[in-house]
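Enquirer: The listed protein sequences correspond, in order, to chains A and B. When the letters of the first sequence are read in order and numbered with the working numbering, they come out as residues 1 to 298. When the letters of the second sequence are read in order and numbered with the working numbering, they come out as residues 299 to 595. Quick one: structure below, then a few questions.
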Amino acid sequence: MQAAGVQSKRGGAHVRRVAGQWVKTILSFLLFLLFMAPFILVVINSAKTAVEISFSPVSLPSNWGQMGENITNTLNNPNFSYWSAFRDSAIITFFSLVVIVLASAMCAWVLVRNKTWWSNLIFMILVASMVIPFQVVMLPLVQWLRMMGNFLGIKLSGTYVGIVLCYLGFGMALSVFIFHGFIKTVPLELEEAADIDGCSRAGVFFRIVLPLLQPTAVTVLILNGIWIWNDYLLPLLVLGSNGSVQTLPLAVSMFAGSYIKQWDLLLTSTLLAMLPVIVLFIFAQRYIIKGMVEGSIK
Amino acid sequence: MGKKHRLTNILFLTPAVLSFSLVMIVPFFLGIYYSMTDFNGVRSVLTFVGFDNYKAMFTEPAFLYSFLVTLEYTVINVILVNVVAFFLSLLVTSNVPGKNVLRAGFFVPNLIGGIVLGYIWQFIFNNVLTALGTNLGISFLEKTLIGNKNTVIWAMSFVNIWQYAGYIMMIYVAAIQGIPANLMEAASVDGANYWVRLRKILIPMMANSFTITLFLTLTNSFKMFDLNTSLTQGGPAGMYMLKAVKTSEMLALNIYNTAITKNLWGQGQAKAIMFFIMLVIVSLVQVSINKKKEVEM
Chain A
1 MQAAGVQSKR GGAHVRRVAG QWVKTILSFL LFLLFMAPFI LVVINSAKTA
51 VEISFSPVSL PSNWGQMGEN ITNTLNNPNF SYWSAFRDSA IITFFSLVVI
101 VLASAMCAWV LVRNKTWWSN LIFMILVASM VIPFQVVMLP LVQWLRMMGN
151 FLGIKLSGTY VGIVLCYLGF GMALSVFIFH GFIKTVPLEL EEAADIDGCS
201 RAGVFFRIVL PLLQPTAVTV LILNGIWIWN DYLLPLLVLG SNGSVQTLPL
251 AVSMFAGSYI KQWDLLLTST LLAMLPVIVL FIFAQRYIIK GMVEGSIK
Chain B
299 MGKKHRLTNI LFLTPAVLSF SLVMIVPFFL GIYYSMTDFN GVRSVLTFVG
349 FDNYKAMFTE PAFLYSFLVT LEYTVINVIL VNVVAFFLSL LVTSNVPGKN
399 VLRAGFFVPN LIGGIVLGYI WQFIFNNVLT ALGTNLGISF LEKTLIGNKN
449 TVIWAMSFVN IWQYAGYIMM IYVAAIQGIP ANLMEAASVD GANYWVRLRK
499 ILIPMMANSF TITLFLTLTN SFKMFDLNTS LTQGGPAGMY MLKAVKTSEM
549 LALNIYNTAI TKNLWGQGQA KAIMFFIMLV IVSLVQVSIN KKKEVEM
């Protein structure tokens, strides 16, 4: 009797644990579905005609082949220059990342290895600047770029050079901060040995230090890359909505402005705009999550 | 090291310091000056107007309404994003199957820009949810939630939670994984149930990450712009202090519209500086409260 009682009590706990497990599994599946729903809706509605979308936005498409047609129509639409916007976004992101990583690593290294009043001052100004929202500098920046452009005789508004300069400046504080934190943990001995061997100061950085910074550089690349690729307000102000250089978010928003409510084309354009990032995420998921989380915690 | 490296030091610092000064420092101080002028983005001869632009915003219903809406949105999001993210982090660190897929799925909305997401959600609110509401007889959903001034802020918050919770979740996951497993096991052996372990061990051990996540959600909500422009454009219209206002126009969008749409750059700049001051005050208060809590825990 007693033994049976103990057993049934154990059995009860077991049943409860299994039931809890099921509840958790079903709950997480439903949550996953909820999080994916917007993407699923974009995909299924990109394979429908405008009439079909307004008639039944949640049903599966009757003919998946319509997606090809929608994509062709969107790509050939004179108001949406996907390929040139994609190219401009890629060029701007690529060059901004190269200069940000190099300039911030060099700067952080000099700041860590020279403990003087000026290195402290520069570092403090950089860190303090991180609280300044973009809105505070955006209007004077537009005017200042014009003034600088006129003075130097190069066009900075609406050009690759101008916007890459902006991203370099705006990306600097966080990137220097992240590199600074890592370089502090790199032992000096390696650099001193290279110094004694007659390596130049720049040589020490490029041959010894830079290779060590690789994992941190991945974090810096990801944080800045996602931000620059998705950024809207800075390109809108610096490149303009009708400029010859257009990023993907700008192109989508211009397209939405001219085709509002024509959801077959508009949803297809958002699908095309999301695709590059989703593909990248599938391949580099681990690095992206790690980079974005580490960047915030530091 | 000393003087012999001076040239290398200067060369290495120049790109960073120069670009930073050109796009941050100079515009920052230029902005303080512009906020006291009648600057309109074109005019080259500016009239100095002192603090007139600052005074003007405090009697402007649209700006005051923006401020209130921004506060409301920020409070909603700081609470809900963190609650949802914390719950998700507990879920994906438990023994649920497919943890990695779940994490990736919750995280992925964060990688898509607010502009693109705004259009997608505009479609969901205007077409999908209204269709569901009509077909299933849910009267609440029959009219679009972003067209009603009572629900629009909640609709925007819902999208923001969907977009941002996965990211905050990953910060919590990192913190939970940093807690020694034997601590939780020992408490479990001592007979502490799940809620006790959560309250007495897990949450106090995560105090440091709460400071970060609250700061991130606070500044992120306060500065919200992209989603606002593409999802609602500030609408629908409403009345405040007997004047027509845009009921979902948050501060960042109000600043943009003042300067660019109405061509009042000087006023827009004054609002931007006020925006900055408010942001600094609010986040300083938050961080100092959290730091105090960290010590207590």
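For glycine and all other residues, C-beta sits at the position ideal for the given N, C-alpha and C. Owing to the predicted nature of the structure, the values given are computational and were not obtained by experimental measurement.
How about B:GLN565 and B:THR556: are their beta carbons less than 7 Å apart?
Expert: For B:GLN565 and B:THR556, yes; Cβs fall inside 7 Å.
Enquirer: Anything in the segment 404 to 421 of chain B with a Cβ closer than 8 Å to a Cβ of chain A? List those residues in chain order, please.
Expert: The residues in question are PHE404, PHE405, VAL406, PRO407, ASN408, LEU409, ILE410, GLY411, GLY412, ILE413, VAL414, LEU415, TYR417, ILE418, TRP419 and PHE421.
Enquirer: Grab me the residues of B:PHE361's own chain with a C-beta within less than 7 Å of its C-beta, minus the 5 sequence neighbours each way, in chain order.
Expert: Within the same chain, B:PHE361 has close Cβ partners MET355, ASN552 and LYS569.
Enquirer: As an exercise, report each continuous alpha helix (DSSP H) stretch of at least 4 residues that is fully enclosed by the segment 346 to 383 of chain B, in chain order.
Expert: Here the runs fully enclosed are 350 to 355.
Enquirer: Of the residues that make up the segment 566 to 584 of chain B, which ones have a beta carbon closer than 8 Å to any beta carbon in chain A?
Expert: Flagged, chain order: GLY566, GLN567, ALA570, ILE571, PHE573, PHE574, LEU577, VAL578 and SER581.
Enquirer: Residues of chain A with CB closer than 7 Å to the CB of B:GLY348, please, in chain order.
Expert: Per Cβ cutoff of 7 Å: no residues; B:GLY348 is ~18 Å from chain A at best.
Enquirer: Have a look at the DSSP bridge pairing and note the partners of B:MET537.
Expert: DSSP output for B:MET537 lists B:ALA542 as bridge partner(s).
Enquirer: Below 8 Å, how does it come out for the segment 174 to 182 of chain A and the segment 365 to 377 of chain B: are there three or more Cβ pairs, yes or no?
Expert: Judged by Cβ distances under 8 Å, the segment 174 to 182 of chain A makes no contact with the segment 365 to 377 of chain B, as fewer than three pairs qualify.
Enquirer: For B:LYS591, which residues in the same chain have their Cβ closer than 7 Å to its Cβ, ignoring the five residues on either side in sequence?
Expert: Here the set comprises ALA505.
Enquirer: B:PHE365 touches chain A at which residues, Cβ-Cβ below 9 Å?
Expert: Here the premise fails: no neighbours, minimum Cβ distance about 14 Å.
Enquirer: Could you check whether the Cβ of B:LYS591 sits closer than 7 Å to any Cβ belonging to chain A?
Expert: Chain A contact via Cβ: absent.
Enquirer: Can you give me the C-alpha to C-alpha distance between B:LEU443 and B:MET467, rounded to a whole angstrom?
Expert: The straight-line gap from Cα to Cα measures roughly 27 Å.
Enquirer: Look at B:PHE405 and B:GLY445 and say whether their C-beta atoms are less than 7 Å apart.
Expert: Result no, Cβ atoms of B:PHE405 and B:GLY445 do not sit closer than 7 Å.
Enquirer: Is the CB of A:ARG146 under 7 Å away from at least one CB in chain B?
Expert: Not an interface residue.
Enquirer: A:ASP264: buried (16+ other C-beta within 10 angstroms of its C-beta) or exposed?
Expert: When all chains shown are included, A:ASP264 counts as buried.
Enquirer: Compare the C-alpha of B:ILE501 against each of B:PHE346, B:LEU409, B:ASN588 and B:PHE326 and name the closest.
Expert: B:ILE501 has its Cα closest to that of B:ASN588, out of B:PHE346, B:LEU409, B:ASN588 and B:PHE326.
Enquirer: What span of residues does the alpha helix (DSSP H) with A:SER62 cover, start to end?
Expert: A:SER62 -> no alpha helix (DSSP H), and no H or E assigned at all.
Enquirer: Please classify B:MET299 as buried or exposed, where buried requires at least 16 other C-beta atoms within 10 Å of its C-beta.
Expert: Here B:MET299 scores only 46 on pLDDT, less than 50, and its place in the model is too uncertain to base an answer on.
Enquirer: Using a C-beta cutoff of 7 Å, does B:LYS541 count as contacting chain A?
Expert: By this cut-off, B:LYS541 is not an interface position.
Enquirer: If you run the structure through DSSP and keep just helix, strand and coil, what is A:THR159?
Expert: Note: A:THR159 maps to coil in three-state DSSP.
Enquirer: Could you please tell me which residues of the segment 268 to 284 of chain A, in chain order, have their CB closer than 8 Å to any CB of chain C?
Expert: Note that chain C does not occur in the displayed structure, where the protein chains are A and B.
Enquirer: Looking only at C-alpha atoms, which of B:ASN458, B:LEU388, B:VAL381 and B:GLY403 sits nearest to B:TRP419?
Expert: Of the listed residues, the one whose Cα sits closest to B:TRP419 is B:ASN458.
Enquirer: Could you have a look at A:THR116 and say whether DSSP puts it in helix, strand or coil?
Expert: Looking at A:THR116 - three-state DSSP - the assignment turns out to be coil, as it is neither helix nor strand.
Enquirer: Counting C-beta neighbours from all protein chains within 10 Å, is the total for A:HIS180 16 or more, i.e. buried, or is it exposed?
Expert: A:HIS180 should be labelled buried.
Enquirer: Taking the CB atoms as reference points, tell me whether B:PRO407 and B:TRP452 lie closer together than 7 Å.
Expert: Contact: no.
Enquirer: Could you have a look at B:THR335 and say whether DSSP puts it in helix, strand or coil?
Expert: Of the three classes helix, strand and coil, the one that applies to B:THR335 here is strand, per DSSP.
Enquirer: When DSSP labels each residue in this structure, what does A:VAL186 get in the three-state scheme?
Expert: A:VAL186 falls in the coil class under three-state DSSP.
Enquirer: I'd like to know whether the C-beta of B:PHE318 is nearer than 7 Å to at least one C-beta of chain A.
Expert: Closer than 7 Å to some Cβ of chain A, the Cβ of B:PHE318 qualifies, so yes.
Enquirer: Tell me the DSSP secondary structure of A:ALA3 in three-state form.
Expert: Confidence is the limiting factor: at A:ALA3 the pLDDT is only 49, short of 50, which leaves the residue's position unreliable and the question unanswerable from this model.
Enquirer: Distance check for A:SER62 and A:ASN77, CA to CA, integer angstroms please.
Expert: Rounded to whole angstroms, A:ASN77 to A:SER62 spans 24 Å at the Cα level.
Enquirer: Beta-carbon of A:ASN230 versus every beta-carbon of chain B: anything under 7 Å?
Expert: True, the Cβ-Cβ gap to chain B drops below 7 Å.
Enquirer: Let's see if you can read the secondary structure: which residues bound the alpha helix (DSSP H) around B:MET322?
Expert: First-last for B:MET322: undefined, no H or E at that position.
Enquirer: Please name the residue in A:LEU190, A:ASN73, A:VAL142 and A:ARG207 whose C-alpha comes closest to that of B:VAL324.
Expert: Here the closest residue by C-alpha is A:VAL142.
Enquirer: Tell me which residue opens and which closes the alpha helix (DSSP H) that A:VAL238 is part of.
Expert: From DSSP, the alpha helix (DSSP H) with A:VAL238 extends over 233 to 239.
Enquirer: Can you tell me the Cβ-Cβ gap for A:VAL101 and A:ALA217, rounded? I've got them flagged as a contact below 8 Å.
Expert: The pair is a contact, with the Cβ atoms about 5 Å apart (cut-off 8 Å).
Enquirer: By the three-class DSSP mapping on this structure, what secondary structure does A:SER81 have?
Expert: Looking at A:SER81 - three-state DSSP - the assignment turns out to be coil, as it is neither helix nor strand.
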